[in-house]
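Some notes on the structure that comes next.
4 protein chains.
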Amino acid sequence: MTETPIIAINYKAYPQAFGKKALEIAKQAEKVAKETGVIVIVAPPFTELYRIAQEVEIPVYAQHVDPYDPGAHTGYIPLEALKEVGVKGTIINHSEHQMKIADIHKIVTKAKKLGIETLVCGDVPEVGAAVAVLEPDMIAVEPPELIGTGIPVSKAKPEVVTRSVELIRKVNPRVKILTGAGITTGEDVAAAIKLGTIGVLVASAVMKAKDPYKVIKDMAEKALKALE
Amino acid sequence: MTETPIIAINYKAYPQAFGKKALEIAKQAEKVAKETGVIVIVAPPFTELYRIAQEVEIPVYAQHVDPYDPGAHTGYIPLEALKEVGVKGTIINHSEHQMKIADIHKIVTKAKKLGIETLVCGDVPEVGAAVAVLEPDMIAVEPPELIGTGIPVSKAKPEVVTRSVELIRKVNPRVKILTGAGITTGEDVAAAIKLGTIGVLVASAVMKAKDPYKVIKDMAEKALKALE
Amino acid sequence: MTETPIIAINYKAYPQAFGKKALEIAKQAEKVAKETGVIVIVAPPFTELYRIAQEVEIPVYAQHVDPYDPGAHTGYIPLEALKEVGVKGTIINHSEHQMKIADIHKIVTKAKKLGIETLVCGDVPEVGAAVAVLEPDMIAVEPPELIGTGIPVSKAKPEVVTRSVELIRKVNPRVKILTGAGITTGEDVAAAIKLGTIGVLVASAVMKAKDPYKVIKDMAEKALKALE
Amino acid sequence: MTETPIIAINYKAYPQAFGKKALEIAKQAEKVAKETGVIVIVAPPFTELYRIAQEVEIPVYAQHVDPYDPGAHTGYIPLEALKEVGVKGTIINHSEHQMKIADIHKIVTKAKKLGIETLVCGDVPEVGAAVAVLEPDMIAVEPPELIGTGIPVSKAKPEVVTRSVELIRKVNPRVKILTGAGITTGEDVAAAIKLGTIGVLVASAVMKAKDPYKVIKDMAEKALKALE
Numbered sequence: 015m016t017e018t019p020i021i022a023i024n025y026k027a028y029p030q031a032f033g034k035k036a037l038e039i040a041k042q043a044e045k046v047a048k049e050t051g052v053i054v055i056v057a058p059p060f061t062e063l064y065r066i067a068q069e070v071e072i073p074v075y076a077q078h079v080d081p082y083d084p085g086a087h088t089g090y091i092p093l094e095a096l097k098e099v100g101v102k103g104t105i106i107n108h109s110e111h112q113m114k115i116a117d118i119h120k121i122v123t124k125a126k127k128l129g130i131e132t133l134v135c136g137d138v139p140e141v142g143a144a145v146a147v148l149e150p151d152m153i154a155v156e157p158p159e160l161i162g163t164g165i166p167v168s169k170a171k172p173e174v175v176t177r178s179v180e181l182i183r184k185v186n187p188r189v190k191i192l193t194g195a196g197i198t199t200g201e202d203v204a205a206a207i208k209l210g211t212i213g214v215l216v217a218s219a220v221m222k223a224k225d226p227y228k229v230i231k232d233m234a235e236k237a238l239k240a241l242e
Numbered sequence: 015m016t017e018t019p020i021i022a023i024n025y026k027a028y029p030q031a032f033g034k035k036a037l038e039i040a041k042q043a044e045k046v047a048k049e050t051g052v053i054v055i056v057a058p059p060f061t062e063l064y065r066i067a068q069e070v071e072i073p074v075y076a077q078h079v080d081p082y083d084p085g086a087h088t089g090y091i092p093l094e095a096l097k098e099v100g101v102k103g104t105i106i107n108h109s110e111h112q113m114k115i116a117d118i119h120k121i122v123t124k125a126k127k128l129g130i131e132t133l134v135c136g137d138v139p140e141v142g143a144a145v146a147v148l149e150p151d152m153i154a155v156e157p158p159e160l161i162g163t164g165i166p167v168s169k170a171k172p173e174v175v176t177r178s179v180e181l182i183r184k185v186n187p188r189v190k191i192l193t194g195a196g197i198t199t200g201e202d203v204a205a206a207i208k209l210g211t212i213g214v215l216v217a218s219a220v221m222k223a224k225d226p227y228k229v230i231k232d233m234a235e236k237a238l239k240a241l242e
Numbered sequence: 015m016t017e018t019p020i021i022a023i024n025y026k027a028y029p030q031a032f033g034k035k036a037l038e039i040a041k042q043a044e045k046v047a048k049e050t051g052v053i054v055i056v057a058p059p060f061t062e063l064y065r066i067a068q069e070v071e072i073p074v075y076a077q078h079v080d081p082y083d084p085g086a087h088t089g090y091i092p093l094e095a096l097k098e099v100g101v102k103g104t105i106i107n108h109s110e111h112q113m114k115i116a117d118i119h120k121i122v123t124k125a126k127k128l129g130i131e132t133l134v135c136g137d138v139p140e141v142g143a144a145v146a147v148l149e150p151d152m153i154a155v156e157p158p159e160l161i162g163t164g165i166p167v168s169k170a171k172p173e174v175v176t177r178s179v180e181l182i183r184k185v186n187p188r189v190k191i192l193t194g195a196g197i198t199t200g201e202d203v204a205a206a207i208k209l210g211t212i213g214v215l216v217a218s219a220v221m222k223a224k225d226p227y228k229v230i231k232d233m234a235e236k237a238l239k240a241l242e
Numbered sequence: 015m016t017e018t019p020i021i022a023i024n025y026k027a028y029p030q031a032f033g034k035k036a037l038e039i040a041k042q043a044e045k046v047a048k049e050t051g052v053i054v055i056v057a058p059p060f061t062e063l064y065r066i067a068q069e070v071e072i073p074v075y076a077q078h079v080d081p082y083d084p085g086a087h088t089g090y091i092p093l094e095a096l097k098e099v100g101v102k103g104t105i106i107n108h109s110e111h112q113m114k115i116a117d118i119h120k121i122v123t124k125a126k127k128l129g130i131e132t133l134v135c136g137d138v139p140e141v142g143a144a145v146a147v148l149e150p151d152m153i154a155v156e157p158p159e160l161i162g163t164g165i166p167v168s169k170a171k172p173e174v175v176t177r178s179v180e181l182i183r184k185v186n187p188r189v190k191i192l193t194g195a196g197i198t199t200g201e202d203v204a205a206a207i208k209l210g211t212i213g214v215l216v217a218s219a220v221m222k223a224k225d226p227y228k229v230i231k232d233m234a235e236k237a238l239k240a241l242e
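Chains as they are written, first to last, in the numbering used here: chain A, 15 to 242; chain B, 15 to 242; chain C, 15 to 242; chain D, 15 to 242.
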């Protein structure tokens, strides 16, 4: 029995992350998921979560969540807010939105109780291993210097991926390990999977693509082939 | 010619700020606005903005916005995101979500270009006057020690309100001045208006009310009477 | 062969943390260290480090350090600044000054190269274990709800201490484990050591004491006895 | 009667900001001050304040200060800490260390009571004017895009300087207005003064100079000439 590969699409705050275009990309991601069986996750901005979660059946994630309980917290989004709009999980600690370690722990623990999945990012393998101790559902190790460059970590720095897998597995045998930063093509995804991860966290490669469907489809197909 | 009074309702992240209850309060606010002519603003969390902006005709505000342009900013909400979901304005620098002065300036300036209104909070009259220099649409001075207490600033510390009006008017003759913190009843609103403001920023008094409609209606009616 | 117990004194920004009084407490800590052989660490504010490091031979630690390299960083203190004033180590991630996990990693790694010791705090045992993966020299687990209360974690919540030891040891066999929060007397220290730690992080109990020497001496003696 | 020009030297965390070199630059600054009568302020890092304040008679400033009162604030530096080491003032809100507007107000107000001078930075003229309302002793407007570039704001963007003077004077007739960013030579200082300021905030031009004395001396002499 093999695991199912995962492609998580971080919309960030790109112009394409809002409105019609945002929904369109989610629909295309859903199409690929249905055609290939690969798990495709979309992570739009807070303001788009409701609309997209209404329209697609693939997992919708937030890009961040705040470590507060419901109450007097103006402008913050607690986990309960995500649950209310039908969101299935959340990215946290992205290198563009880093968190205190105590808050990561608080969110991962509470998310489990609420049935919300957590994908925690780390900038280096050691940080990936540190957060693995907190037992999130997924970890993505992304060297910030490659994010948005189109230089794929899985090819340019394969040792980051293998070391992530090695260090994380020492402290946590179950967590799903993704990699990210510069992942652009299906081949980059295949390389990541061959190095021992179960998938990738991508952003600009999909969000800025002329034909996002084509990019996601290529990634999904190559991911499946790499797992054979 | 008299100005129209303003009641701005900050949903914060109270349990009532999400889902059905959130929409219900917005509908009740809209009803009061239609019945009285008072401007009633609702400010739900990011995740609820789309849903509520679709359903009501009164101004919907965000509770906060991030000082970024669209781009690679995971988990942040730029002004453009608000525009996309039909939001008319945004609160910023609430005492529970304070900002750097340079970011307040950046947001106020850019919001004007995008046609989004800004309601900037300050904790003391002097801070209200400082932000008044940046020419937002509205300023609310709220002493944090009274927020959520039910002890109305307009009655317990009237000098905060009069001093806010005095200091702000010295540097900005146009900005609409609100007050807030502990505002609970129509009488508190009337007191605020008699002290020279044009309205109030409220939260728990409406959000935690058994009958929010009744509370808002009372505030609106007393506000109108105070202006006569 | 037994280990030497450790008493780390966090001066915080108490009125006694500055000037003459600060130096006096450091001298008393040194006296206890010389009389008992216990390792007594003093952690004064940045502005007092030079003066105290000149005057005592016990280890002087900073209370925090910033994750920057030397350069254009106005108002921040890099590790190199600590080295320059003769500081031997630094506390980081105290619950009153929490850090991003990536920054904790950066500091711990760089401190090793510079020969500066690191004492990383965590609020709960799980967070202690997460930072243990990063291989600092010492870890102190301190439940924030007990900090400054005089209710000793080692007596009120012994399970926090035993669980910290258990979880940290799973991922790191070498790091020195301290505990803290509410530690007031020599007996509290003894209890902490009997639960498997090698010492304590204390603050108000020493800083606000009429006779700091007496308090530190009692802690040191009871610590030694507990290790017998 | 003319005012005395001011040259404020922000040491930042440059390698030259620590230890012997830091003291040497302070001594050279003092020499220029004595020779020319110009006010030369040095702003070393927290850890160097004591040492330098002991050795020179010119004003020593901190680069930042935290908005806390003495107490349980691990790793933070309250205004009282500065007073204790003989510091005369503090820079705050530098573009590399920005603050919430409420905290700027708190610090400026409290500093006055303690007899500590405040030099508040702003990134644009409007922000300079906003903080001018809070009545600090000095304001420095520094466009961040020019900081550290060697392209002097007073020559490349003179309109930033004139607009700063214009907007700040509207709300505050007394505050001393400095400018900064890219200021490298005496001529840049002269240009700044001719545009209506009373001095400059400099950093790399002095800190990285082969002969800091020569640079400061040139700045002081040209400043005096510009004021004639």
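Here a beta-carbon is modelled for each residue, glycine too, at the ideal position from N, C-alpha and C.
Quick one: what's residue i bridged to in DSSP?
| i | result |
| --- | --- |
| K190 of chain D | D:M152 |
| N107 of chain C | The partner list for N107 of chain C (beta bridge, DSSP) is empty, contrary to what the question assumes. |
| L133 of chain D | D:I105, D:M152 |
| L215 of chain D | D:A22, D:G194 |
| A27 of chain A | B:G85 |
Can you tell me the Cβ-Cβ gap for residue i and residue j, rounded? I've got them flagged as a contact below 8 Å.
| i | j | result |
| --- | --- | --- |
| I153 of chain C | G136 of chain C | 6 Å |
| I105 of chain C | N24 of chain C | 6 Å |
| A36 of chain D | I72 of chain D | The pair is not a contact, with the Cβ atoms about 14 Å apart (cut-off 8 Å). |
| Q77 of chain B | K114 of chain D | Actually they are not in contact, since the Cβ atoms of Q77 of chain B and K114 of chain D sit about 17 Å apart, beyond 8 Å. |
| F60 of chain B | T61 of chain A | 5 Å |
| G200 of chain C | D151 of chain C | About 24 Å separates the two Cβ atoms, so there is no contact after all. |
| P139 of chain D | V155 of chain D | 6 Å |
| Q30 of chain A | I230 of chain A | Wrong, their Cβ atoms sit about 14 Å apart, outside the cutoff. |
| A217 of chain C | K26 of chain C | 5 Å |
| L89 of chain B | H108 of chain A | It is Gly, not Leu, that sits at residue 89 of chain B in the sequence shown. With a Cβ gap of about 6 Å, G89 of chain B and H108 of chain A count as contacting. |
| A206 of chain C | V214 of chain C | 5 Å |
| V167 of chain A | P157 of chain A | 6 Å |
Starting from the C-beta of residue i, find all residues in its chain whose C-beta is less than 6 Å away, skip the five residues before and the five after it, and write them out in chain order.
| i | result |
| --- | --- |
| K120 of chain C | P81 |
| G164 of chain C | G196, T198 |
| Y28 of chain D | M221 |
| A143 of chain B | L181, I182, V185 |
Using C-beta distances below 7 Å, list every residue in its chain close to residue i, excluding the 5 sequence neighbours before and after it, in chain order.
| i | result |
| --- | --- |
| M15 of chain D | The predicted position of M15 of chain D is uncertain, since its pLDDT is 43 and thus under 50; a value taken from the coordinates is nonetheless stated next. Result list for M15 of chain D: empty, nothing under 7 Å. |
| T211 of chain C | V175, V179, I191, L192, T193 |
| T18 of chain D | G51, V52, I53 |
| I91 of chain A | F60, V79, D80 |
Just to confirm my understanding: we take residue i, look at its own chain, exclude 5 residues before and 5 after, and list those with CB closer than 8 Å. What are they?
| i | result |
| --- | --- |
| K239 of chain B | A204 |
| V147 of chain B | V185, N186 |
| H87 of chain D | D80 |
| L93 of chain A | V79, T104, I121, K124, A125, L128, I130 |
Report yes if the C-beta of residue i is less than 7 Å from at least one heavy atom of the ligand NAD; otherwise report no.
| i | result |
| --- | --- |
| A240 of chain C | In the structure shown, the ligand NAD is absent, as is every other ligand, since no ligand is present at all. |
Taking only runs that begin and end inside the segment 155-184 of chain C, name each unbroken alpha helix (DSSP H) of 4 or more residues, in chain order.
167-170
Against chain B, which members of the segment 32-63 of chain A pass a CB distance test of less than 8 Å?
F32, G33, P59, F60, T61, E62, L63
Report the start-end ranges of each alpha helix (DSSP H) in the segment 51-129 of chain B that is 4 residues or longer and not cut off at the edges.
60-69, 93-98, 115-128
Residues in the segment 144-174 of chain A having any Cβ partner in chain B nearer than 8 Å
I161, G162
Just by C-beta distance, which residues in the segment 105-118 of chain C are closer than 9 Å to chain F?
No chain F appears in this structure, whose protein chains are A, B, C and D.
Just by C-beta distance, which residues in the segment 86-98 of chain B are closer than 9 Å to chain A?
A86, H87, T88, G89, Y90, I91, P92, E94, A95, L96, K97, E98
Residues of the segment 183-199 of chain D whose Cβ lies closer than 9 Å to any Cβ of chain C, in chain order:
none
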